[in-house]
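Take a look at the structure set out below.
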Amino acid sequence: MLKELTESQKKQIEDTIRSLSFDEKIGQIVCERIINFEKKGPIADWLKKYPVGAVYVGSEVIDKTNMTEAEVKAQTDALLHTTGIPPVLVSDFEQGVGGQMNATRFTGFPEAMAIAATGDPKNAYTAGRITALEAGSINVHCTYGTVTDLALNRDNPITGIRSYGDKPDFIIPFLLEHIRGLQEHNCAACAKHFPGDGIDTRNQHFVTSFNPLTREEWMKSYGKVWKAVIDEGVMSVMIGHIAMPQLEPMDPVSQKYRPATVSKVILQNLLLGELGYRGLIISDALVMNGFCSWADYDTRMMDAFNAGIDLFLWPDAERFFDLMRRMEAQGRLSHERLDDAVRHVLEFKARLDLRPAPCDLPDSHRIAEKMAQDALTLLRNTGRGIPLERKTDAVYWVLGTPSNELVHKAVNPFLEKLSEYGEVHYSALNDADFSELEKADAVILLNLGRARFVDYRGMSNNIWPFLANEKIRKRIVIGFANPFFLYDVPSCDAYISAWSAHPAAQREAVRVLFGESTCRGKSPVSIEGYVKAQS
1 MLKELTESQK
11 KQIEDTIRSL
21 SFDEKIGQIV
31 CERIINFEKK
41 GPIADWLKKY
51 PVGAVYVGSE
61 VIDKTNMTEA
71 EVKAQTDALL
81 HTTGIPPVLV
91 SDFEQGVGGQ
101 MNATRFTGFP
111 EAMAIAATGD
121 PKNAYTAGRI
131 TALEAGSINV
141 HCTYGTVTDL
151 ALNRDNPITG
161 IRSYGDKPDF
171 IIPFLLEHIR
181 GLQEHNCAAC
191 AKHFPGDGID
201 TRNQHFVTSF
211 NPLTREEWMK
221 SYGKVWKAVI
231 DEGVMSVMIG
241 HIAMPQLEPM
251 DPVSQKYRPA
261 TVSKVILQNL
271 LLGELGYRGL
281 IISDALVMNG
291 FCSWADYDTR
301 MMDAFNAGID
311 LFLWPDAERF
321 FDLMRRMEAQ
331 GRLSHERLDD
341 AVRHVLEFKA
351 RLDLRPAPCD
361 LPDSHRIAEK
371 MAQDALTLLR
381 NTGRGIPLER
391 KTDAVYWVLG
401 TPSNELVHKA
411 VNPFLEKLSE
421 YGEVHYSALN
431 DADFSELEKA
441 DAVILLNLGR
451 ARFVDYRGMS
461 NNIWPFLANE
471 KIRKRIVIGF
481 ANPFFLYDVP
491 SCDAYISAWS
501 AHPAAQREAV
511 RVLFGESTCR
521 GKSPVSIEGY
531 VKAQS
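Going by my numbering, the sequence shown opens with residue 1, and the numbers climb by one from there.
Here it is, written out as structure tokens:
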């Protein structure tokens, strides 16, 4: 359960609520982005006008920030030394602080599915612990993770390797350990994306997606998972722009399905009522079209406020303050609801120590690397696939998919390691010269298909000649992202799933190719007709 507040803390929170001005209350329910401050002038001046309750540090989960550690620390120090109630600083540290920050001392972990593939939930705790300690050293005390979604549909563009797997009973221990690792070390976890992504083939960034399960089906799957993390005491829950048509049919007036972010049925009845959640309710990013397509700005923001959102992620602060002031002037804003949201934000902060805490974790990189190595899983080997024979004149062609320059950069650790074993050439899959591939000792296709590259499956018309050209001696596929890609390429000679593009996983994959190491992981997801998930 949530950490109990003392009577003294409760009284201080109520006294604070009574002392706050209307604008200060509005500010407490807003989360602004730190990268926007450079456009706003001096931080202290802007915060006097818009005293926000939370600030998001870094870039989005799909990419790293270009800010250095020193720049981040300088800005976060400035934020915490402003007058008034200090904002809580948050970020997307799904892969650790090193997954977001370009600083060598911070630790980057493999994705959740890779940690699950190791079979040891304690690895999730360790990842949470190290993430929390490193985050605290730059004043960040909340991460928008743990990803609580189930990877049930191989064509879902959001979950994939961000999820721990497809079976509730299997993923729950990993989720609980990750939450404990974070929260026992002064970093709030944020379970996302309620009521659960992983089934629809569509993307919340583009459209309001569906969790189409009936109430009974949902309670046995997603509901079981959510109940477990709530009972564990997860401090915050992020609401996805996901509709539940079986619980709430199409709105007869708008002819649209309500995303959970504006749904009292999902937030009040299901999350707060049936599941008994009492922590902070955070919206997913309010710039996503799954939310924006619901209604005009004023309507959708007020619908989210009235439905039960406590903390608004990137609502366009200046515009949001203006809206709330207008609603208050027109008598259309519930002060009781506003005080309730502010109370949840202040309770959230009271459970944390927002002071910076320097840390020194000399073994953290080695620990993360071992997790990445232990996750590698051999999903297919026909006998003519691996191990590859070491030859002094060996030639290897490596193909990357999706055909994107970001993929080429991302697989440099693999290419550098493979070059120790022979002559290496790289091409995007779409640009492959098959007359050259026919001369190679082996052709290795690396799949990095995921949401950040838009083509989340990594498909291409050139998959056909890669698989069908009989003159290619060996066809080996390594999955660094899309966990279900074997379903599309079962005729390959060998298939290794790393569940992550972590540099250590890439180098370990090369060692596996030549029989110098073995795959020790097990699949956290089933692949229809080919792989049964571990349980």
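For every residue, glycine included, the Cβ atom is placed at its ideal position computed from N, Cα and C.
Start and end residues, alpha helix (DSSP H) containing residue i
| i | result |
| --- | --- |
| R511 | 503 to 513 |
| M324 | 317 to 329 |
| Y125 | 121 to 136 |
| I171 | 168 to 183 |
| K11 | 7 to 19 |
Residues near residue i in its chain [Cβ-Cβ closer than 8 Å; skip 5 each side]
| i | result |
| --- | --- |
| E24 | P51, G84, I85 |
| D77 | N139, P356 |
| E508 | A372, Q373, L376, A498, S517 |
| R129 | G181, L182, E184, H185 |
| I179 | G128, T146, A189, A191, V229, E232, G233, V234 |
| E248 | Y257, R258, S263, V265, I266 |
CA-to-CA distance, residue j to residue i, given in whole angstroms
| i | j | result |
| --- | --- | --- |
| L323 | L286 | 15 Å |
| R105 | P503 | 15 Å |
| L467 | W397 | 14 Å |
| E438 | K471 | 5 Å |
| I29 | A341 | 7 Å |
| S541 | L182 | Since the first residue shown for the chain is 1 and the last is 535, residue 541 is missing from the structure and cannot be characterised. |
| D92 | T131 | 11 Å |
| K370 | A329 | 58 Å |
| K11 | N203 | 43 Å |
| W218 | I17 | 37 Å |
| V512 | C519 | 7 Å |
Contact check, residue i vs residue j, beta carbons under 9 Å
| i | j | result |
| --- | --- | --- |
| S500 | A372 | yes |
| V477 | I527 | no |
| G279 | G240 | no |
| K474 | L388 | yes |
| P259 | F291 | yes |
| T147 | M101 | According to the sequence provided, residue 147 is Val. The question's Thr does not apply to it. No, the Cβ-Cβ distance between V147 and M101 is not below 9 Å. |
| I282 | I309 | yes |
| D166 | V525 | yes |
| I230 | A191 | yes |
| F434 | P465 | yes |
| A188 | F348 | yes |
| D284 | A295 | no |
| Y487 | G529 | yes |
| R154 | P483 | yes |
| I367 | D493 | no |
| T446 | G521 | The sequence as given places Leu at residue 446; Thr does not occur at that position. Against a cut-off of 9 Å, the Cβ pair of G521 and L446 comes out as no contact. |
| A428 | N461 | no |
| M288 | H205 | yes |
| R364 | E134 | Here residue 364 is Ser; the residue named in the question, Arg, does not match the sequence. Taking 9 Å as the Cβ cut-off, S364 and E134 qualify as a contacting pair. |
Coarse secondary structure for residue i, derived from DSSP in three states
| i | result |
| --- | --- |
| T392 | coil |
| G99 | helix |
| N447 | strand |
| A116 | helix |
| D310 | coil |
| G273 | helix |
| E69 | helix |
| P465 | helix |
| G400 | strand |
| V489 | coil |
| T202 | Correcting the residue identity first, residue 202 is Arg in this sequence and not Thr. Looking at R202 - three-state DSSP - the assignment turns out to be coil, as it is neither helix nor strand. |
| E32 | strand |
| K256 | strand |
| I527 | strand |
| V287 | coil |
| L338 | helix |
| I62 | With a pLDDT of 42 at I62, under the threshold of 50, the modelled position of this residue cannot be trusted; read the value that follows with caution. Coil. |
| Y495 | strand |
| I266 | helix |
Beta-carbon contacts of residue i that lie in its chain and below 7 Å, excluding the five residues immediately before and after
| i | result |
| --- | --- |
| I34 | V55, Y56, V57, Q75 |
| A410 | L448, A501 |
| V395 | G422, E423, K439, A440, D441 |
Residue i, enclosing beta strand (DSSP E) - first and last residue
| i | result |
| --- | --- |
| G479 | 475 to 479 |
| L89 | 88 to 91 |
| R380 | 377 to 381 |
| F414 | Careful: F414 lies outside any beta strand (DSSP E), inside the alpha helix (DSSP H) at 412 to 418. |
| M238 | 236 to 239 |
| Y426 | 423 to 428 |
| C519 | Taken as a continuous stretch (DSSP letters only), C519 belongs to no beta strand (DSSP E), as it is neither H nor E. |
| T143 | 140 to 143 |
6 Å Cβ shell around residue i - same chain, five flanking residues per side excluded
| i | result |
| --- | --- |
| T261 | I239, H241, S283, F291, A304 |
Contact test: residue i Cβ vs the ligand SAH heavy atom, cutoff 8 Å
| i | result |
| --- | --- |
| N289 | Looking at this structure, you won't find the ligand SAH or any other ligand, since it has none at all. |
Closer than 9 Å to chain D by CB, residue i
| i | result |
| --- | --- |
| G529 | Going by chain labels, chain D is absent from the structure shown, which holds only one protein chain. |
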